[in-house]
Amino acid sequence: MSPPPLERPPWHGNAAGSQAWTGKMGLFTFYGADSNLVVENPDPTQPPFVDEMLETEMIGRFGLGVGYQHFVSDDLALVVGVEGRYTEPVVQNPPQAPPSFQTDVFVPGDVVQFQATVGSRWWLPVRWADEGRLRPFVGVDLNFIPDTDFDVVATLNDSIQIPFEFAGSPYLTVGLCFGLSYQWSDDVVVHMTAFHETALSMSEDVNYLEVPGIPPGVIPPLETRTTVDAQGWIGFLSVSWGF
């Protein structure tokens, strides 16, 4: 499908004072999280039942977002937006529970996250392709993730498996991005963007787990601390409509 002819000069929508709505969907992820799971022993003189560092690949399954951009000067825009991401975590080389060492210590469920973003985009002063419709850009984003929720099954040994919910604390990430924009029509621009995100803080949660079948008076609930530190690459295809 060929783009329609332009009736106005390309990139007229990048002039100071211009505005646009944007919508985007996820294209790819090379994203991961380093997690630490600690299940304390109720006897403080003994080591924890579990103390494992876990490397997890976050496989993107779906992502959508909407946003708004305002050009504060020619080719320089401030952006705000919200987005949702659905990912499947896969623990790399997962530790195994004793004594048989055939069951994963930590089995996370799928993750759904929402985040708010404020950032900027700068279109470089070069133009390619027919009529100069193609331009590169760079940008930086600050992202706020209010919570991270997913189900977990922690295995202490072959006979004790305890499910619980990780309800992580809010955290911030910073994202550096680059990409290409194509002026599809007078009012519509298509963008392909690659982000590298790094967490500025970790998401943390503390749970108290009751051992199944054992009264809390016999074995008190086990203090369980979980932290998640995420970073990696993510790609989006987005479309902006100028007004």
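In my numbering, the protein residues as written are 745 to 987.
Idealized CB from N, CA, C, for every residue including glycine.
Which listed residue (the options) has its alpha carbon closest to that of residue i
| i | options | result |
| --- | --- | --- |
| Pro748 | Gln927, Gly979, Glu948 | Gln927 |
| Leu822 | Pro833, Ala760, Pro792, Gly767 | Ala760 |
| Ser913 | Ser925, Ser903, Gly853, Pro890 | Pro890 |
| Ser947 | Glu967, Gln836, Gln975 | Gln975 |
| Ser762 | Ser817, Trp872, Pro754, Thr789 | Ser817 |
| Arg877 | Arg829, Ile963, Val934 | Val934 |
| Ser982 | Gly923, Thr968, Ser779 | Gly923 |
| Ser903 | Thr800, Val882, Val955 | Val955 |
| Val824 | Lys768, Glu751, Phe910, Pro753 | Lys768 |
| Phe987 | Gly883, Trp755, Ser746 | Trp755 |
Which of helix, strand or coil DSSP assigns to residue i
| i | result |
| --- | --- |
| Pro751 | The amino acid occupying residue 751 in the given sequence is Glu; Pro does not appear at that position. In the structure shown, Glu751 sits in coil (DSSP, three-state: anything other than H, G, I, E or B). |
| Glu801 | strand |
| Asp895 | strand |
| Gly979 | strand |
| Phe787 | A small fix is needed here, since residue 787 is Asp in this sequence, not Phe. In the structure shown, Asp787 sits in coil (DSSP, three-state: anything other than H, G, I, E or B). |
| Asp930 | coil |
| Asn837 | coil |
| Glu1042 | Residue numbering for the chain in the displayed model covers 745 to 987; residue 1042 lies beyond these limits and cannot be assessed. |
| Gly757 | helix |
| Gly961 | coil |
| Asp819 | coil |
| Asp874 | helix |
| Asp902 | coil |
| Pro792 | coil |
| Met745 | coil |
| Gln763 | strand |
| Phe845 | coil |
| Pro890 | coil |
| Phe881 | strand |
| Trp987 | According to the sequence displayed, residue 987 carries Phe and not Trp. Phe987 falls in the coil class under three-state DSSP. |
Contacting residues, own chain, Cβ-Cβ under 7 Å from residue i (five flanking each side not counted)
| i | result |
| --- | --- |
| Val870 | Arg879, Pro880 |
| Ile803 | Thr773, Thr831, Glu832, Val834 |
| Trp985 | Ala764, Trp765, Asp931, Val932 |
| Glu967 | Glu784, Val950, Tyr952 |
| His814 | Gln763, Ala821, Leu822 |
Residue i and residue j closer than 9 Å at C-beta
| i | j | result |
| --- | --- | --- |
| Trp765 | Val810 | yes |
| Val782 | Val851 | no |
| Phe772 | Trp977 | yes |
| Asn901 | Ala841 | yes |
| Asn951 | Phe894 | no |
Sequence-distant residues of the same chain with beta carbon closer than 8 Å to residue i, five excluded per side
| i | result |
| --- | --- |
| Asn887 | Gln859, Ala860, Thr861, Leu916, Thr917, Val918, Gly919, Glu941 |
| Gly979 | Gly770, Leu771, Phe772, Thr773, Met936, Thr937, Ala938, Phe939 |
Span of the beta strand (DSSP E) around residue i
| i | result |
| --- | --- |
| Leu916 | 915 to 927 |
| Ala860 | 855 to 867 |
| Ser945 | Note, Ser945: premise wrong, no beta strand (DSSP E); not H, not E. |
| Phe850 | 850 to 852 |
Beta-carbon proximity list for residue i, same chain, < 6 Å, skipping 5 on both sides
| i | result |
| --- | --- |
| Ile906 | Ala898, Leu953 |
| Asp885 | Thr861, Gly863, Gly919 |
| Pro839 | Glu796, Val849 |
| Asn837 | none |
| Ser929 | Pro748 |
| Ala962 | It is worth fixing the name first, because residue 962 is Val in this sequence and not Ala. Contacts found: none. |
| Leu868 | Pro880 |
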